[in-house]
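Written out below as structure tokens is the structure these notes cover.
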Amino acid sequence: MESNGILSHEITMDPTKASVEIDESTRLESPVEPNLYAKFCEHLGRNIYHGMEAEILFNPTFGKWPFHKPGSDVMGGFKQEYDLSEIESLIANHDYHRNFPKKINADAALDAYTDGGAFGWMRYGSANQVILSPDVGPTGNQAQRIEINEVGPDNSAGLRQRTALPNHRTQRFECRVKARSKEATELNLSLSVVDKDGTIGETIASTPLSLDENWSTRTRMLGITSDTHTF
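Residue numbering for the sequence shown follows UniProt numbering, starting at 1 and increasing by one per position.
Shown next as structure tokens:
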């Protein structure tokens, strides 16, 4: 066993078992810097997504998405890819850690992106029903404008995203939306089962939001049953 006073590491010969124990009575002499937070998060992202991090949506702010290309920019940071054929390849082959399943509907994702949709979001409905364009908003570098046509009680349309819900540990999910509309209307937030072939099935939870011409932030809870399958 190795020990440095606050951390003890014990090697086990069983590769199937690992455990972490925290002794709250153990304290260091020096205090923890209060402004130290999220350290190394950038390089440990794959370890926290869908784990320590509560956000389970990809690009939840509908922000402008920078596609990376090899090399570094002369001003520092990564280079951005602007060639549409290269972007198409990145969309088709990426296995981003928050994307479920690993293989996505690349055609639908690319169509929505090239038509003005925020990357990671796809249409729910046809291109004639859902018209997308980038816009500006009160926060972030981009907002999403959506024009919905030819809809009714049995013919809804909008934006969708496929993800996996951690229903092994919770059946309640908080949704927060900042939005406005050209005129008073109702926005519906919903969770639906998605089959393995990508077909959208039964709606398992939904809640309406009333919007008007002013930007507002609305919070709602969506609940599901414990036996719901979310893949």
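All C-beta atoms in this analysis are idealised placements derived from N, C-alpha and C, irrespective of residue type, glycine included.
Since the structure is predicted, the reported quantities are computational estimates derived from the model, not experimental observations.
Candidates the options, of which the one nearest residue i by Cα
i: residue 110; options: 130, 125, 134 and 85; result: 85
i: residue 155; options: 129, 60 and 147; result: 129
i: residue 153; options: 131, 165 and 186; result: 186
i: residue 162; options: 195, 76, 127 and 144; result: 195
i: residue 131; options: 113, 138 and 137; result: 113
i: residue 183; options: 197, 210, 167 and 58; result: 210
i: residue 21; options: 208, 10 and 224; result: 10
i: residue 236; options: 166, 107 and 138; result: The structure shown does not extend to residue 236, since the chain is modelled only from 1 to 231, so the question has no answer here.
i: residue 172; options: 65, 224, 148 and 151; result: 224
i: residue 148; options: 191, 126, 189 and 202; result: 126
i: residue 26; options: 12, 8 and 67; result: 8
i: residue 63; options: 190, 174 and 137; result: 137
i: residue 59; options: 12, 142 and 83; result: 142
i: residue 208; options: 133, 189 and 61; result: 189
i: residue 61; options: 31, 135 and 16; result: 135
i: residue 151; options: 167, 133 and 124; result: 124
i: residue 115; options: 89, 33, 146 and 69; result: 146
i: residue 175; options: 167, 222, 157 and 193; result: 222
Assigned exposure category for residue i - 16 Cβ within 10 Å defines buried
i: residue 140; result: exposed
i: residue 169; result: exposed
i: residue 120; result: buried
i: residue 78; result: exposed
i: residue 122; result: buried
i: residue 117; result: buried
i: residue 159; result: buried
i: residue 213; result: exposed
i: residue 91; result: buried
i: residue 14; result: exposed
i: residue 18; result: exposed
i: residue 144; result: buried
i: residue 200; result: exposed
i: residue 57; result: exposed
i: residue 54; result: exposed
i: residue 165; result: buried
i: residue 205; result: buried
i: residue 28; result: exposed
Where residue i sits in the DSSP three-state scheme
i: residue 106; result: helix
i: residue 204; result: strand
i: residue 20; result: coil
i: residue 25; result: coil
i: residue 188; result: strand
i: residue 30; result: coil
i: residue 219; result: strand
i: residue 57; result: coil
i: residue 209; result: strand
is_contact[residue i, chain C] using C-beta, thresh 7 Å
i: residue 203; result: Annotation note: the requested chain C is absent from the structure, which comprises a single protein chain.
Whole beta strand (DSSP E) runs in the stretch 108 to 180 with 3 or more residues, listed along the chain?
122 to 124, 130 to 135, 143 to 148, 158 to 160 and 172 to 179
Do the stretch 179 to 191 and the stretch 207 to 218 touch if we need at least three Cβ pairs shorter than 8 Å?
yes
Uninterrupted alpha helix (DSSP H) stretches inside the stretch 62 to 99 (no shorter than 4 residues)
Fully enclosed alpha helix (DSSP H) runs of 4 or longer: 84 to 93.
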